[in-house]
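Visitor: Residue numbers (the working numbering), protein chains in the order written: chain V, 1 to 781; chain H, 782 to 937. The C-beta atom is built at its ideal place from N, Cα and C for all residues, glycine as well.
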């Protein structure tokens, strides 16, 4: 019996080019005669543009051209918003590639300059003189929605871009009016900077003879970029080729199509020369989307015996100066639908108000709406526990949905696919040694040491998702994926996928799926992605969807090939198809193990086509479009143990336990890596990361000197455990795991810190819980 | 101005704009794009190279300051196609995901381990404060560096 490649933590196939510096990211690619673009950006958060004088810039040595919105005219359409959530009175104000008459956040582009090298381009951008007339500024989404607030757009009254409601208000009110206990809190989900380590970059080249535009860019979804670039430039979609070469992380920030990608495209067409733009980190922090930015008023109702009854919230979600590509869907569909979490709770109500503010546009950031939902739930559960004087683990245990294997409908209308929440919960509790910890905690307190424990039980929806659902919720695209498994005559595999991984290790994971289905050695399988001309259509890599959706397409395409191979092998061996058995890449005649055709033999014979069964086409290649019948719902329990130094407010994370269930793990090392990274991103929200704007809309956390990225010495080694509950609707049972860490870890650590501080009576601390804030909270409690 | 820098063992003589940063000299002039730029403020460490054997951030040095020096970049780390033990350790321990911080991480940690064979996990974590990774949560990077540090101590 051979060892299955599925489930094996093999080394990643993408790493040799990455550890040697040979990988080529967008900015690493050079074209002869390339011009560098720099963008003149507004230093004001809200202002009218009185005049722009680029004559001095244009006259500089090495400068080729300078353009404003007026020069572009109707050469570029505005950037579209592509998630038009229904029944929400959604307004989609124009988002021009360069500001027209008015700027709406610090970093809004007002002009571009093109020069022969990047230093000159930056000098020239600095030489463009822009006169502004400052306008009043609002950056707080709740304040922006009030009467009398500064207005960003004439046609967006009170800056309210949408109001999305989920649930029955009367029914919800009824539950809250009669519940034994109602807890409430104002939760601020601070703005975060996604900070993919590779800044965004775009380079365009236009061939006037063929009228073809090639755009290399940092994209999580090159096919969506092609679609949008075609729409804004007016070029036919089949004349636009988008290539996402090596991409250095995204975390959602490389989903949207930004003005910069449109501008390099326009300039390359206009000038007939290739044009490249690469943002600096300061530019990245100003213009690449931010995440979160919710002000939430949340309540939870419960009975005195600990039965959770319902949750309701009013959310003010900051959208920034323009509506980014997927922005309206994040604090609504991807948020409210998670309000039940893993609990048997029957009443949910959410009113989410999307508000334009003089700040960088927000959009999907790792977890995208779901961390903000999980946090409020887990915060509320801990508050209920405290109110009714029940242990928070006991309260969760009492309310977890019991194990189910095939569908469980919850009050948000979602049908969870499968879950065994109690199993993951008890496993995490066991690893943590929860009861022992409570004893240790009591002893420590007696010595004046403040230990705390925090627990998060979660489930989330990912593997986005059924296209019919996408349509029903206003997503302006499908959410299926397609893939082709192409086998060469010599038995080597090219797997072409529409999705576009950028660090997830999918070239390895997906090769393992194909290897497992067909028996090719993984080293003989290349997964090809990131080029709209080379690969079949796909909607991209985000929402923890590539393994579940693309993986399913590849598994199905492989199975089609296997069927073809079985029939051809039978024919070649003059046996009946029913007598053919498959074992690890070999098709054998039952009862005579020496009589077999390998998958490579079959591939060759299918290509030669010298001796085919009647009706069988030559070649050895299959494609599959896969539209998932449901989302997938990974789940788990995370536990953190912290110690707070009451004298300094310093928080030490002593242990972190993560038990996650993403179904069968194709590559456990890669799964663990996803969890490690996600957990750190989520913990960083709790402890150190947070965007700060001043009242005039200046971004004070505009560099890595000012924005606290998590460092290695903040963390212990993580303790991971898993349970395995296959998805019933998926060809290989797998669920996504890209976002679970980020979704679960923020409330886990937050609750642990508050648990540590409970002797002081601290009720809450706005994130990030920096030592200064913790110390202040202890002093003023 | 005219400079002469030995990069990965090859003498490179060039006429550069005096303000040219070393990282841009490597990337633009020599096409050694393995060295990355991840910030403007010397926090992220993606641009780390060795200058006369010391790990330094090439975004904070002018190319002119490297005149006459020996510079090693990620491209020069493998010898005759054999990965450096740190490259192997990153690969074996899944110490990278998107790979963008990796060249800087590897250059920084090879220099660290050379000076600190047998370094403790705590020392490794502390020393990584000048290199930022957004993907891995550092867990497996620490594991990789520990593996090499332990082997280095064993070899003494």
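1) With 16 as the cutoff for other CB atoms within 10 Å, does residue 785 of chain H come out buried or exposed?
2) What number of angstroms, rounded off, separates the C-alpha of residue 445 of chain V from the C-alpha of residue 392 of chain V?
3) What is the residue span of the alpha helix (DSSP H) that residue 437 of chain V lies within?
4) Counting C-beta neighbours from all protein chains within 10 Å, is the total for residue 207 of chain V 16 or more, i.e. buried, or is it exposed?
5) With H, G and I counted as helix, E and B as strand and the rest as coil, what does DSSP make of residue 190 of chain V?
6) By the DSSP assignment, the beta strand (DSSP E) with residue 216 of chain V in it spans what residues?
7) If you compare alpha carbons, which of V/421, V/721, V/70 is closest to residue 342 of chain V?
8) Are there 16 or more other CB atoms within 10 angstroms of the CB of residue 863 of chain H, so buried, or fewer, so exposed?
9) For residue 126 of chain V, does the three-state DSSP call read helix, strand or coil?
10) For residue 783 of chain H, is the classification buried or exposed, using 16 other Cβ atoms within 10 angstroms of its Cβ as the cut-off for buried?
11) Does DSSP put residue 631 of chain V in a helix, a strand or coil?
12) At 9 Å on the CB atoms, spell out the chain V contacts of residue 854 of chain H, in chain order.
13) In whole angstroms, give me the CA-to-CA distance for residue 717 of chain V and residue 656 of chain V.
14) Under a Cβ-count criterion, where at least 16 other Cβ atoms within 10 Å of its own Cβ denotes burial, should residue 166 of chain V be classed as buried or exposed?
15) What does the alpha-carbon distance come out to for the pair residue 153 of chain V and residue 389 of chain V?
16) What residues from the stretch 912 to 931 of chain H come within 9 Å of chain V, judged by C-beta to C-beta, listed N to C?
17) Hey, is residue 128 of chain V's beta-carbon within less than 9 Å of any beta-carbon in chain H?
18) Just how far apart, CA to CA, sit residue 462 of chain V and residue 417 of chain V?
19) Hey, out of V/415, V/164, V/229, whose CA is closest to residue 75 of chain V's CA?
20) Check the Cβ of residue 717 of chain V against every Cβ in chain H and list those closer than 9 Å, keeping chain order.
21) Any heavy atom of the ligand FAD inside 8 Å of the beta-carbon of residue 779 of chain V?
22) With 16 as the cutoff for other CB atoms within 10 Å, does residue 630 of chain V come out buried or exposed?
23) Decide if residue 672 of chain V is buried, meaning its Cβ has at least 16 other Cβ atoms within 10 Å, or exposed.
24) Under three-state DSSP, which class holds residue 937 of chain H?
25) Output yes if chain V places a C-beta closer than 9 Å to the C-beta of residue 906 of chain H; else output no.
26) Please name the residue in V/72, V/545, V/107, V/764 whose C-alpha comes closest to that of residue 280 of chain V.
27) Under the three-state reduction of DSSP, which class applies to residue 411 of chain V: helix, strand or coil?
28) Does the distance from the CB of residue 340 of chain V to the CB of residue 410 of chain V come in under 9 Å?
29) In this structure, does DSSP put residue 294 of chain V in helix, strand or coil?
30) Taking any Cβ of chain V, which residues in the stretch 812 to 842 of chain H have a Cβ under 9 Å from it, in chain order?
31) Of the choices V/119, V/707, V/598, V/649, whose alpha-carbon is the least far from that of residue 756 of chain V?
32) I'd like to know if residue 861 of chain H contacts chain V, where contact means its C-beta is closer than 9 Å to some C-beta of that chain.
33) In terms of DSSP beta bridges, what is residue 581 of chain V paired with?
34) Could you list the residues in the stretch 867 to 893 of chain H with a C-beta less than 7 Å from some C-beta on chain V, going in chain order?
35) For residue 857 of chain H and residue 20 of chain V, I'd like the C-alpha separation in whole angstroms.
36) Residues of chain V with CB closer than 8 Å to the CB of residue 910 of chain H, please, in chain order.
Guide: Walking through what the data contain:
1) Numbered from 1 along the second chain, position 4 holds the residue referred to as residue 785 of chain H. Residue 785 of chain H counts as exposed, since fewer than 16 other C-beta atoms from the protein chains shown sit within 10 angstroms of its C-beta.
2) Translated into the one-based positions of the first chain, residue 445 of chain V becomes position 445. Translated into the one-based positions of the first chain, residue 392 of chain V becomes position 392. The alpha-carbon atoms of residue 445 of chain V and residue 392 of chain V are separated by roughly 19 Å.
3) Taking the first residue of the first chain as position 1, residue 437 of chain V is located at position 437. Here the alpha helix (DSSP H) through residue 437 of chain V covers 434 to 446.
4) Taking the first residue of the first chain as 1, we reach residue 207 of chain V at position 207. So residue 207 of chain V counts as exposed.
5) Position 190 of the first chain holds residue 190 of chain V. Three-state DSSP puts residue 190 of chain V in a strand.
6) For the purposes of this step, residue 216 of chain V is identified with residue 216 of the first chain, where counting begins at 1. Element bounds for residue 216 of chain V: 212 to 217.
7) Position 342 of the first chain holds residue 342 of chain V. Taking only the C-alpha atoms, the option nearest residue 342 of chain V is V/421.
8) Position 82 of the second chain, counted from the start, is the residue given in the question as residue 863 of chain H. Flag for residue 863 of chain H reads exposed.
9) Residue mapping note: residue 126 of chain V aligns to position 126 of the first chain, counting from 1. Helix.
10) Here the question's residue 783 of chain H lines up with position 2 in the second chain. Classification of residue 783 of chain H: exposed, given that the 10 Å Cβ count is below 16.
11) Taking the first chain and counting its residues from 1, the one referred to as residue 631 of chain V is at position 631. Three-state result, residue 631 of chain V: coil.
12) Residue numbering aside, residue 854 of chain H sits at position 73 when the second chain is read from its first letter. 21, listed in chain order.
13) Counting from 1 along the first chain, the entry for residue 717 of chain V is found at position 717. Counting from 1 along the first chain, the entry for residue 656 of chain V is found at position 656. If you take the alpha carbons of residue 717 of chain V and residue 656 of chain V, they lie about 8 Å apart.
14) In the first chain, counting from the first residue as 1, residue 166 of chain V sits at position 166. With 16 or more other Cβ atoms within 10 Å, it is buried.
15) One-based indexing of the first chain puts residue 153 of chain V at position 153. One-based indexing of the first chain puts residue 389 of chain V at position 389. Straight through space, the alpha carbons of residue 389 of chain V and residue 153 of chain V are spaced by roughly 49 Å.
16) 912, 913, 914, 915, 916, 917, 918, 919, 920, 921, 922, 923, 924
17) Position 128 of the first chain, counted from the first residue, corresponds to residue 128 of chain V. Chain H, which has no Cβ nearer than 9 Å to the Cβ of residue 128 of chain V, makes this no.
18) As a working note, residue 462 of chain V is residue 462 in the first chain. As a working note, residue 417 of chain V is residue 417 in the first chain. Answer to the nearest angstrom: the Cα atoms are 11 Å apart.
19) Mapped onto the first chain, residue 75 of chain V falls at position 75. Ranking V/415, V/164, V/229 by Cα distance to residue 75 of chain V puts V/229 first.
20) Residue mapping note: residue 717 of chain V aligns to position 717 of the first chain, counting from 1. Residues of chain H passing the Cβ test: 902, 920, 923, 924.
21) Summarising the ligand content, the structure contains no ligands, and the ligand FAD is consequently not present.
22) On the first chain, position 630 is the one that residue 630 of chain V refers to. When all chains shown are included, residue 630 of chain V counts as buried.
23) If you number the first chain from 1, residue 672 of chain V lands on position 672. With 16 or more other Cβ atoms within 10 Å, it is buried.
24) By 1-based counting over the second chain, the position of residue 937 of chain H is 156. Residue confidence for residue 937 of chain H is low, a pLDDT of 48 falling below 50, so the modelled location carries little weight and cannot support an answer.
25) In the second chain, counting from the first residue as 1, residue 906 of chain H sits at position 125. It does: the Cβ of residue 906 of chain H has a partner Cβ on chain V nearer than 9 Å.
26) Taking the first residue of the first chain as 1, we reach residue 280 of chain V at position 280. Selected option, being the one with the closest Cα: V/107.
27) Counting from 1 along the first chain, the entry for residue 411 of chain V is found at position 411. If DSSP states are grouped into helix, strand and coil, residue 411 of chain V belongs with coil.
28) Looking up residue 340 of chain V in the first chain gives position 340. Looking up residue 410 of chain V in the first chain gives position 410. Their beta carbons are under 9 Å apart, which means residue 340 of chain V touches residue 410 of chain V by this criterion.
29) For the purposes of this step, residue 294 of chain V is taken as the residue at position 294 of the first chain. Three-state DSSP puts residue 294 of chain V in a strand.
30) Cβ contacts with chain V: 812, 813, 814, 815, 816, 817, 818, 819, 820, 821, 822, 823, 824, 825, 827.
31) What you label residue 756 of chain V is simply residue 756 of the first chain in a count that begins at 1. Measuring from the Cα of residue 756 of chain V, the nearest candidate turns out to be V/649.
32) Along the second chain, one-based indexing puts residue 861 of chain H at 80. Judged by the 9 Å Cβ criterion, residue 861 of chain H is not in contact with chain V.
33) The residue given as residue 581 of chain V occupies position 581 in the first chain. Note: residue 581 of chain V sits in a beta bridge opposite V/588.
34) Listed in sequence order: 868, 871, 872, 873, 875, 877, 878, 879, 880, 881, 882, 883, 884, 887.
35) Residue 857 of chain H sits at position 76 when you count from the first residue of the second chain. Residue 20 of chain V sits at position 20 when you count from the first residue of the first chain. Cα to Cα, the separation comes out at about 8 Å.
36) As a position in the second chain, residue 910 of chain H is number 129, starting the count at 1. Result: 711, 712, 713.
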